[in-house]
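K.L.:
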Amino acid sequence: MQVQEPQVSSEKSVATKLKTGVLIVNLGTPDSPSTPDVRKYLREFLMDGRVIDIPYAFRWMLVNLIIAPFRAPKSAKVYKELWTERGSPLKFYGEDIEKMLQAQLGEEYDVKLAMRYQSPSMDAGLELFKKSGYKKIIVVPFFPQYASASTGSVYEKTMRIVKEWQIIPEISFVNTFYDHPKFIEYFATAARNYMAKQDYDYFMFSYHGLPQRQIRKGDCTGNTCQFGSCCDTIHSMNQYCYRAQCHETTRLLVKQLGLKEGTYATTFQSRLGSDPWVQPYTDVVIKELTAQGKKKILVFSPAFVADCLETTIEIGEEYREMFEEFGGQHWQLVESLNNSPMWVDLLEDLVKKA
1 MQVQEPQVSS EKSVATKLKT GVLIVNLGTP DSPSTPDVRK YLREFLMDGR VIDIPYAFRW
61 MLVNLIIAPF RAPKSAKVYK ELWTERGSPL KFYGEDIEKM LQAQLGEEYD VKLAMRYQSP
121 SMDAGLELFK KSGYKKIIVV PFFPQYASAS TGSVYEKTMR IVKEWQIIPE ISFVNTFYDH
181 PKFIEYFATA ARNYMAKQDY DYFMFSYHGL PQRQIRKGDC TGNTCQFGSC CDTIHSMNQY
241 CYRAQCHETT RLLVKQLGLK EGTYATTFQS RLGSDPWVQP YTDVVIKELT AQGKKKILVF
301 SPAFVADCLE TTIEIGEEYR EMFEEFGGQH WQLVESLNNS PMWVDLLEDL VKKA
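Using the UniProt record's numbering, the letters of the sequence shown correspond one by one to residues 1 to 354.
1. Mind listing, in chain order, the continuous alpha helix (DSSP H) runs of no fewer than 4 residues lying wholly within the region 70–125?
2. Taking the alpha carbon of Ser121 as the point to measure from, which residue in Phe304, Leu257, Leu23 has its own alpha carbon closest?
3. So, are the CB atoms of Gln332 and Lys295 less than 7 Å apart?
4. Straight-line CA distance for Ala147 to Arg271?
5. Output the distance between the C-alpha atoms of Leu298 and Pro181, rounded to the nearest integer angstrom.
6. Would you be able to state if there are at least three C-beta pairs under 8 Å between the region 309–324 and the region 244–252?
7. Taking only three categories from DSSP, how would you classify Ala68?
8. With burial defined as no fewer than 16 other Cβ atoms inside 10 Å of the residue's Cβ, what is the status of Ser336: buried or exposed?
9. Pull up the distance between the alpha-carbon of Asp199 and that of Phe326, whole angstroms please.
10. Could you compute how far the alpha carbon of residue 397 sits from the alpha carbon of Thr176?
11. With DSSP collapsed to three states, give me the class of Gln256.
12. With burial defined as no fewer than 16 other Cβ atoms inside 10 Å of the residue's Cβ, what is the status of Glu310: buried or exposed?
13. I need the DSSP call for Ile24, collapsed to helix, strand or coil.
14. Whole angstroms is fine: what's the gap from Glu321's alpha carbon to Glu185's?
15. Could you give the residue range of the beta strand (DSSP E) that holds Ser172?
16. Considering Leu333, what are the terminal residues of the beta strand (DSSP E) in which it resides?
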(Lines of atoms letter the chains of each structure in order from A; the text may use other names.)
(Lines give C-alpha, C1' and ligand atoms only; values in the text may rest on other atoms or scores of the structure.)
Protein backbone atom coordinates (compact mmCIF):
# COMPACT_ATOMS: atom_id res chain seq x y z
CA MET A 1 0.00 0.00 0.00
CA GLN A 2 1.37 3.40 -0.95
CA VAL A 3 1.61 5.86 1.94
CA GLN A 4 0.69 9.38 0.96
CA GLU A 5 2.79 12.27 2.20
CA PRO A 6 0.88 14.64 4.52
CA GLN A 7 -0.30 17.73 2.71
CA VAL A 8 0.86 21.09 4.03
CA SER A 9 -1.89 23.65 4.12
CA SER A 10 -1.32 26.34 1.50
CA GLU A 11 -2.90 28.83 3.89
CA LYS A 12 -0.32 27.98 6.55
CA SER A 13 2.47 28.26 4.00
CA VAL A 14 1.36 31.71 2.97
CA ALA A 15 0.92 32.81 6.58
CA THR A 16 4.51 31.92 7.45
CA LYS A 17 5.72 34.31 4.77
CA LEU A 18 3.78 37.31 6.01
CA LYS A 19 5.80 39.95 7.77
CA THR A 20 5.30 42.94 10.01
CA GLY A 21 6.57 46.25 8.73
CA VAL A 22 8.18 48.54 11.31
CA LEU A 23 8.45 52.21 10.37
CA ILE A 24 10.75 54.11 12.73
CA VAL A 25 10.23 57.85 12.32
CA ASN A 26 12.32 60.79 13.48
CA LEU A 27 11.63 64.47 12.90
CA GLY A 28 13.87 65.15 9.92
CA THR A 29 16.96 66.97 8.77
CA PRO A 30 18.05 68.94 5.69
CA ASP A 31 19.57 66.92 2.87
CA SER A 32 22.69 69.06 3.20
CA PRO A 33 23.82 72.10 5.20
CA SER A 34 23.47 74.34 2.15
CA THR A 35 21.13 77.32 2.47
CA PRO A 36 18.69 76.10 -0.25
CA ASP A 37 18.36 72.66 1.41
CA VAL A 38 17.94 74.17 4.86
CA ARG A 39 15.31 76.56 3.50
CA LYS A 40 13.47 73.65 1.87
CA TYR A 41 13.50 71.73 5.15
CA LEU A 42 12.30 74.71 7.19
CA ARG A 43 9.42 75.32 4.80
CA GLU A 44 8.17 71.75 4.97
CA PHE A 45 8.63 71.54 8.73
CA LEU A 46 7.12 74.87 9.69
CA MET A 47 4.21 74.68 7.25
CA ASP A 48 2.88 71.73 9.23
CA GLY A 49 -0.27 73.01 10.93
CA ARG A 50 0.56 71.02 14.04
CA VAL A 51 3.93 72.76 14.36
CA ILE A 52 2.79 76.35 13.81
CA ASP A 53 -0.86 76.09 14.72
CA ILE A 54 -2.22 79.30 13.21
CA PRO A 55 -4.53 79.74 10.18
CA TYR A 56 -2.98 78.60 6.90
CA ALA A 57 -2.79 82.02 5.23
CA PHE A 58 -0.94 83.59 8.18
CA ARG A 59 1.29 80.53 8.54
CA TRP A 60 2.18 80.65 4.83
CA MET A 61 3.18 84.31 5.02
CA LEU A 62 5.12 83.85 8.26
CA VAL A 63 7.08 80.85 7.01
CA ASN A 64 7.65 81.80 3.37
CA LEU A 65 8.09 85.55 3.68
CA ILE A 66 9.83 85.86 7.04
CA ILE A 67 11.20 82.72 8.69
CA ALA A 68 12.54 80.68 5.75
CA PRO A 69 14.20 83.57 3.85
CA PHE A 70 15.92 85.09 6.88
CA ARG A 71 16.51 82.10 9.13
CA ALA A 72 17.79 79.65 6.51
CA PRO A 73 21.22 81.30 5.99
CA LYS A 74 21.82 81.47 9.77
CA SER A 75 20.63 77.91 10.32
CA ALA A 76 22.79 76.67 7.44
CA LYS A 77 25.91 77.95 9.23
CA VAL A 78 24.92 76.05 12.36
CA TYR A 79 24.16 72.87 10.40
CA LYS A 80 27.66 73.07 8.88
CA GLU A 81 29.07 72.91 12.41
CA LEU A 82 26.93 69.86 13.11
CA TRP A 83 27.62 68.01 9.84
CA THR A 84 30.14 65.16 9.80
CA GLU A 85 31.64 62.96 7.09
CA ARG A 86 28.58 60.72 7.47
CA GLY A 87 26.23 63.68 7.19
CA SER A 88 23.60 64.70 9.72
CA PRO A 89 23.91 62.79 13.04
CA LEU A 90 20.14 62.57 13.38
CA LYS A 91 20.01 60.72 10.06
CA PHE A 92 23.05 58.45 10.30
CA TYR A 93 22.23 57.41 13.84
CA GLY A 94 18.78 56.52 12.50
CA GLU A 95 20.38 54.45 9.75
CA ASP A 96 22.50 52.63 12.32
CA ILE A 97 19.44 51.87 14.44
CA GLU A 98 17.53 50.65 11.38
CA LYS A 99 20.20 48.00 10.75
CA MET A 100 20.67 47.10 14.41
CA LEU A 101 16.95 46.75 15.10
CA GLN A 102 16.46 44.69 11.93
CA ALA A 103 19.17 42.26 13.06
CA GLN A 104 17.66 42.02 16.53
CA LEU A 105 14.03 41.53 15.42
CA GLY A 106 14.84 38.95 12.76
CA GLU A 107 13.26 37.99 9.45
CA GLU A 108 9.66 38.19 10.66
CA TYR A 109 9.99 41.98 10.60
CA ASP A 110 11.16 44.54 8.06
CA VAL A 111 12.46 47.78 9.59
CA LYS A 112 12.53 51.02 7.61
CA LEU A 113 13.74 54.43 8.70
CA ALA A 114 11.69 57.48 7.73
CA MET A 115 11.67 61.18 8.51
CA ARG A 116 8.52 63.18 9.09
CA TYR A 117 10.07 65.93 6.98
CA GLN A 118 12.46 65.41 4.04
CA SER A 119 14.11 62.08 3.34
CA PRO A 120 13.83 59.15 3.61
CA SER A 121 10.13 59.94 3.39
CA MET A 122 7.25 58.30 5.23
CA ASP A 123 5.48 57.99 1.87
CA ALA A 124 8.25 55.78 0.46
CA GLY A 125 8.45 53.58 3.56
CA LEU A 126 4.71 52.99 3.80
CA GLU A 127 4.42 52.43 0.03
CA LEU A 128 7.00 49.65 0.32
CA PHE A 129 4.94 47.97 3.04
CA LYS A 130 1.82 48.35 0.91
CA LYS A 131 3.30 46.74 -2.18
CA SER A 132 4.86 43.87 -0.26
CA GLY A 133 1.61 42.80 1.41
CA TYR A 134 2.59 43.10 5.05
CA LYS A 135 0.13 41.65 7.57
CA LYS A 136 0.72 44.47 10.03
CA ILE A 137 2.45 47.84 10.21
CA ILE A 138 3.91 49.29 13.41
CA VAL A 139 4.80 52.99 13.42
CA VAL A 140 7.32 54.08 16.04
CA PRO A 141 7.74 57.87 16.35
CA PHE A 142 11.13 58.66 17.90
CA PHE A 143 9.72 61.09 20.46
CA PRO A 144 9.78 59.96 24.12
CA GLN A 145 7.07 62.40 25.23
CA TYR A 146 3.87 62.96 23.27
CA ALA A 147 3.27 66.29 21.55
CA SER A 148 0.82 67.16 18.81
CA ALA A 149 3.66 68.80 16.86
CA SER A 150 5.79 65.62 16.87
CA THR A 151 4.07 62.29 17.60
CA GLY A 152 0.65 63.66 16.62
CA SER A 153 2.03 64.87 13.30
CA VAL A 154 3.49 61.43 12.52
CA TYR A 155 0.11 59.83 13.27
CA GLU A 156 -1.70 62.32 11.06
CA LYS A 157 0.75 61.86 8.17
CA THR A 158 0.45 58.06 8.39
CA MET A 159 -3.34 58.19 8.28
CA ARG A 160 -3.29 60.70 5.43
CA ILE A 161 -1.16 58.30 3.37
CA VAL A 162 -3.01 55.05 4.08
CA LYS A 163 -6.53 56.48 3.72
CA GLU A 164 -6.11 56.20 -0.07
CA TRP A 165 -5.23 52.49 0.08
CA GLN A 166 -7.91 50.02 -0.99
CA ILE A 167 -6.77 47.54 1.65
CA ILE A 168 -5.51 48.93 4.93
CA PRO A 169 -3.73 46.35 7.11
CA GLU A 170 -3.67 46.41 10.87
CA ILE A 171 -1.68 49.46 11.98
CA SER A 172 -0.31 50.02 15.49
CA PHE A 173 1.31 53.18 16.83
CA VAL A 174 3.78 53.53 19.66
CA ASN A 175 2.63 56.53 21.64
CA THR A 176 5.30 57.34 24.24
CA PHE A 177 8.24 55.83 26.09
CA TYR A 178 9.14 58.69 28.44
CA ASP A 179 8.83 56.37 31.45
CA HIS A 180 10.12 53.14 29.92
CA PRO A 181 12.59 51.46 32.32
CA LYS A 182 15.24 51.08 29.61
CA PHE A 183 14.89 54.76 28.62
CA ILE A 184 15.45 55.85 32.22
CA GLU A 185 18.22 53.30 32.70
CA TYR A 186 20.13 54.56 29.68
CA PHE A 187 20.33 58.19 30.83
CA ALA A 188 21.01 57.17 34.42
CA THR A 189 23.88 54.91 33.36
CA ALA A 190 25.38 57.58 31.10
CA ALA A 191 25.07 60.14 33.90
CA ARG A 192 26.79 57.91 36.44
CA ASN A 193 29.79 57.63 34.13
CA TYR A 194 30.22 61.41 34.31
CA MET A 195 29.41 61.60 38.03
CA ALA A 196 32.16 59.08 38.75
CA LYS A 197 34.73 61.46 37.28
CA GLN A 198 33.39 64.82 38.47
CA ASP A 199 31.38 66.22 41.37
CA TYR A 200 28.42 68.28 40.12
CA ASP A 201 26.58 70.83 42.24
CA TYR A 202 23.50 70.91 39.99
CA PHE A 203 21.61 68.81 37.45
CA MET A 204 19.49 70.27 34.65
CA PHE A 205 16.89 68.40 32.60
CA SER A 206 16.30 70.46 29.47
CA TYR A 207 13.41 69.52 27.17
CA HIS A 208 12.35 70.99 23.85
CA GLY A 209 9.82 73.76 24.40
CA LEU A 210 6.25 74.13 23.15
CA PRO A 211 3.92 77.14 23.03
CA GLN A 212 1.63 77.18 26.04
CA ARG A 213 -1.38 77.40 23.73
CA GLN A 214 -0.57 73.95 22.32
CA ILE A 215 -0.49 72.47 25.80
CA ARG A 216 -3.85 74.10 26.60
CA LYS A 217 -5.38 72.73 23.39
CA GLY A 218 -4.61 69.24 24.61
CA ASP A 219 -6.45 69.79 27.90
CA CYS A 220 -9.68 67.89 27.29
CA THR A 221 -11.20 69.24 30.53
CA GLY A 222 -10.48 72.89 29.77
CA ASN A 223 -9.33 73.56 33.32
CA THR A 224 -6.78 70.91 34.33
CA CYS A 225 -3.75 72.65 32.79
CA GLN A 226 -2.43 75.39 35.09
CA PHE A 227 1.31 75.13 34.25
CA GLY A 228 2.05 74.41 37.89
CA SER A 229 1.41 71.60 40.35
CA CYS A 230 -1.01 69.98 37.88
CA CYS A 231 2.05 68.14 36.50
CA ASP A 232 3.26 66.82 39.86
CA THR A 233 1.88 63.39 39.00
CA ILE A 234 0.61 61.59 35.89
CA HIS A 235 -3.12 60.85 36.00
CA SER A 236 -6.01 60.28 33.60
CA MET A 237 -6.57 63.97 32.90
CA ASN A 238 -2.96 64.86 32.05
CA GLN A 239 -1.60 61.56 30.73
CA TYR A 240 -1.05 63.06 27.26
CA CYS A 241 0.26 66.41 28.49
CA TYR A 242 3.76 67.00 27.15
CA ARG A 243 4.77 69.08 30.17
CA ALA A 244 3.50 66.46 32.62
CA GLN A 245 5.38 63.69 30.80
CA CYS A 246 8.61 65.73 30.83
CA HIS A 247 8.32 66.25 34.58
CA GLU A 248 7.67 62.54 35.05
CA THR A 249 10.84 61.68 33.11
CA THR A 250 12.76 64.02 35.40
CA ARG A 251 11.22 62.49 38.52
CA LEU A 252 12.15 58.97 37.41
CA LEU A 253 15.74 59.98 36.63
CA VAL A 254 16.06 61.87 39.90
CA LYS A 255 14.91 58.78 41.78
CA GLN A 256 17.23 56.49 39.83
CA LEU A 257 20.22 58.75 40.47
CA GLY A 258 19.31 59.53 44.08
CA LEU A 259 19.48 63.29 43.58
CA LYS A 260 18.64 65.56 46.48
CA GLU A 261 15.81 68.10 46.44
CA GLY A 262 17.08 71.52 45.38
CA THR A 263 19.89 70.16 43.23
CA TYR A 264 17.99 69.81 39.95
CA ALA A 265 15.51 71.58 37.66
CA THR A 266 13.27 70.78 34.69
CA THR A 267 13.58 73.43 31.99
CA PHE A 268 12.52 74.03 28.37
CA GLN A 269 14.57 75.30 25.43
CA SER A 270 14.30 76.40 21.79
CA ARG A 271 11.40 78.84 22.03
CA LEU A 272 10.42 80.82 18.95
CA GLY A 273 8.32 83.97 18.61
CA SER A 274 6.77 86.26 21.20
CA ASP A 275 3.98 84.00 22.52
CA PRO A 276 4.66 82.43 25.94
CA TRP A 277 6.15 78.94 25.81
CA VAL A 278 6.36 76.31 28.53
CA GLN A 279 8.55 77.55 31.37
CA PRO A 280 11.02 77.83 32.99
CA TYR A 281 13.27 78.64 30.04
CA THR A 282 16.66 76.92 30.05
CA ASP A 283 18.68 80.06 29.28
CA VAL A 284 16.96 82.03 32.05
CA VAL A 285 17.63 79.28 34.60
CA ILE A 286 21.30 79.19 33.61
CA LYS A 287 21.64 82.86 34.57
CA GLU A 288 19.84 82.26 37.86
CA LEU A 289 22.05 79.28 38.73
CA THR A 290 25.30 81.11 38.08
CA ALA A 291 24.02 83.99 40.22
CA GLN A 292 23.52 81.43 43.01
CA GLY A 293 27.13 80.30 42.61
CA LYS A 294 26.57 77.00 40.81
CA LYS A 295 29.81 76.04 39.08
CA LYS A 296 29.44 72.49 37.78
CA ILE A 297 26.30 71.33 36.00
CA LEU A 298 25.41 68.01 34.38
CA VAL A 299 22.77 68.50 31.68
CA PHE A 300 20.29 66.00 30.26
CA SER A 301 18.20 66.37 27.10
CA PRO A 302 15.66 63.52 27.40
CA ALA A 303 13.31 64.80 24.69
CA PHE A 304 15.73 63.64 21.99
CA VAL A 305 16.89 60.12 21.06
CA ALA A 306 19.70 61.30 18.78
CA ASP A 307 22.15 64.13 19.23
CA CYS A 308 21.26 66.91 16.84
CA LEU A 309 21.29 70.68 16.46
CA GLU A 310 19.23 71.18 19.63
CA THR A 311 21.54 69.03 21.77
CA THR A 312 25.04 69.23 20.30
CA ILE A 313 24.94 72.89 19.28
CA GLU A 314 22.28 74.58 21.41
CA ILE A 315 22.90 72.80 24.72
CA GLY A 316 26.41 71.50 24.19
CA GLU A 317 27.92 74.71 22.83
CA GLU A 318 25.69 77.78 23.07
CA TYR A 319 24.43 77.14 26.61
CA ARG A 320 27.89 76.07 27.74
CA GLU A 321 29.34 79.35 26.49
CA MET A 322 26.55 81.24 28.28
CA PHE A 323 27.19 79.30 31.49
CA GLU A 324 30.92 80.02 31.37
CA GLU A 325 30.33 83.67 30.50
CA PHE A 326 28.31 84.09 33.70
CA GLY A 327 30.97 82.42 35.83
CA GLY A 328 30.31 78.68 35.49
CA GLN A 329 33.26 76.31 35.36
CA HIS A 330 32.11 72.92 34.07
CA TRP A 331 29.13 72.19 31.83
CA GLN A 332 28.61 68.61 30.63
CA LEU A 333 25.88 67.33 28.32
CA VAL A 334 24.80 63.69 28.70
CA GLU A 335 24.67 62.20 25.21
CA SER A 336 21.42 60.97 23.68
CA LEU A 337 20.67 57.31 22.96
CA ASN A 338 22.12 57.66 19.44
CA ASN A 339 23.07 54.11 18.32
CA SER A 340 23.47 52.45 21.70
CA PRO A 341 22.48 48.76 22.14
CA MET A 342 20.18 49.78 25.01
CA TRP A 343 18.18 51.94 22.59
CA VAL A 344 17.78 48.93 20.30
CA ASP A 345 16.63 46.79 23.23
CA LEU A 346 14.07 49.47 24.14
CA LEU A 347 12.77 49.59 20.56
CA GLU A 348 12.51 45.81 20.35
CA ASP A 349 10.38 45.85 23.49
CA LEU A 350 8.14 48.62 22.09
CA VAL A 351 7.68 46.79 18.78
CA LYS A 352 6.85 43.42 20.30
CA LYS A 353 4.38 44.93 22.74
CA ALA A 354 2.71 46.77 19.86
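Where a beta carbon is used, it is the ideal one built from N, C-alpha and C, also for glycine.
P.N.:
This is what the structure gives:
1. For the region 70–125, whole alpha helix (DSSP H) runs of length 4 or above, ordered along the chain, are 89–105.
2. As a first step, residue 121 must be located in the sequence shown, where it is residue number 121. Ranked by Cα distance from Ser121, the options Phe304, Leu257, Leu23 are led by Leu23.
3. Locating residue 332 in the sequence shown gives position 332, counting from the first residue. Locating residue 295 in the sequence shown gives position 295, counting from the first residue. Cβ atoms of Gln332 and Lys295: not closer than 7 Å.
4. As a working mapping, residue 147 is identified with position 147 in the sequence shown. As a working mapping, residue 271 is identified with position 271 in the sequence shown. Approximately 15 Å, taken between the alpha carbons.
5. What you label residue 298 is simply residue 298 of the sequence shown in a count that begins at 1. What you label residue 181 is simply residue 181 of the sequence shown in a count that begins at 1. The straight-line gap from Cα to Cα measures roughly 21 Å.
6. Cβ pair count under 8 Å is below three, so no.
7. Taking the sequence shown and counting its residues from 1, one reaches residue 68 at position 68. The three-state reading of DSSP puts Ala68 in helix, counting H, G and I together.
8. In the sequence shown, the residue the question calls residue 336 occupies position 336. Buried, since its Cβ has 16 or more Cβ neighbours within 10 Å.
9. On the sequence shown, residue 199 is found 199 positions in, with the first residue counted as 1. On the sequence shown, residue 326 is found 326 positions in, with the first residue counted as 1. If I take the Cα positions, the gap works out to 20 Å.
10. The chain is shown from 1 up to 354; residue 397 falls before or after that span and cannot be answered.
11. Reading the sequence shown from its first residue, position 256 is the one you call residue 256. DSSP, read as helix, strand or coil, puts Gln256 in helix.
12. Working through the sequence shown from its first residue, we reach residue 310 at position 310. Buried, by the Cβ-count rule.
13. The residue given as residue 24 occupies position 24 in the sequence shown. Ile24 falls in the strand class under three-state DSSP.
14. The sequence position of residue 321 within the sequence shown is 321, counting from 1. The sequence position of residue 185 within the sequence shown is 185, counting from 1. If I take the Cα positions, the gap works out to 29 Å.
15. Here residue 172 is taken as the residue at index 172 of the sequence shown, counted from 1. 170–173 is the span of the beta strand (DSSP E), which, as asked, contains Ser172.
16. Counting from 1 along the sequence shown, the entry for residue 333 is found at position 333. First-last of the beta strand (DSSP E) with Leu333: 330–333.
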